[in-house]
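Numbering (my numbering), first residue to last: 57 to 264. Backbone N, C-alpha and C fix where the C-beta goes; we use that ideal spot for every residue, glycine too. Remember, it's a predicted structure, so these values are computed and weren't measured experimentally.
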Amino acid sequence: MGSLTHLDLQWANFSRLIPHQLGNLSGLRYLDLSDNDFSRTGIPSFLGSMGNLRHLDLRDANFSGLIPHQLGNLSGLCYLDLSENDFSRTGIPSFLGSMGSLRHLDLHSANFFGLIPHQLGNLSGLRYLDLSENDFSCTGIPSFLGSMGNLTHLVLYEANFSGLIPHQLGNLSNLRYLELRDNSDLFADNLRWMSGLSSNSIPWPELR
């Protein structure tokens, strides 16, 4: 099956280790393993050798542990969804910031903890970023997010952010959707920074 380019195994009721032979599908461009139960095993490192991948969806598959650094080798990857897994209160890996082809990055509800690595700011082509439902330890929203000028969707709700909303977010002129709700210690000193946002952006969240 070396010529296979698209493999969708969502909701396939898998519950064991992913066979390493899958890594032999060197021509694969689209791989979806979401909504399975891989028994709290780690994401297989061999996925990082599948250099033609453009779309990798591992959402809600009961992965745990550290994200293998080999995924950083997927230089052509455009879509990566690691959400709704349990990465054991580890930090978001900095190597994600080297995956310059990414356009969609979903890390919500993945039990990430601590600071958001500044390397994510290198993803200048990113359009969709979801970091919601993690625990960023009462840190502030990183100001470097405001330099990611291609973002159209920025989802940061219920992520234990605190402090002043950085005015640099006002530089996101392409933003259409901004969600900051349920970060109880987040505040804004004024709303002038919002004047730079598109008039199509989602209405202002409730801040306390």
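8 Å Cβ shell around residue i - same chain, five flanking residues per side excluded
i, result
"residue 196", "217, 218, 219, 220, 222"
"residue 173", "147, 148, 149, 150, 152, 153"
"residue 143", "119, 120, 121, 122, 123, 166, 167, 168"
Residue span of the beta strand (DSSP E) that contains residue i, given as start and end
i, result
"residue 86", "86-88"
"residue 242", "241-243"
"residue 82", "Per DSSP, residue 82 belongs to no beta strand (DSSP E) and is neither H nor E."
"residue 186", "184-186"
Residue i (DSSP reduced to helix, strand or coil)
i, result
"residue 192", "coil"
"residue 136", "strand"
"residue 125", "helix"
"residue 229", "coil"
"residue 257", "The predicted model places residue 257 with a pLDDT of 48, which falls under 50 and marks its position as unreliable; any figure quoted below should be read in that light. In this structure, residue 257 counts as coil in the three-state DSSP scheme."
"residue 105", "helix"
"residue 131", "coil"
"residue 203", "helix"
"residue 143", "coil"
"residue 63", "strand"
"residue 247", "coil"
Close beta carbons around residue i, own chain, < 6 Å, minus the five adjacent residues each side
i, result
"residue 65", "89"
"residue 248", "none"
"residue 191", "169, 216"
Rounded straight-line distance, which links the Cα of residue j to that of residue i
i, j, result
"residue 277", "residue 179", "Nothing can be reported for residue 277, as the shown portion of the chain is limited to 57 through 264."
"residue 105", "residue 146", "23 Å"
"residue 93", "residue 213", "26 Å"
"residue 205", "residue 183", "8 Å"
"residue 186", "residue 164", "6 Å"
According to DSSP, residues forming a beta bridge with residue i
i, result
"residue 235", "211"
"residue 120", "142"
"residue 161", "136, 185"
"residue 168", "146"
"residue 112", "87, 136"
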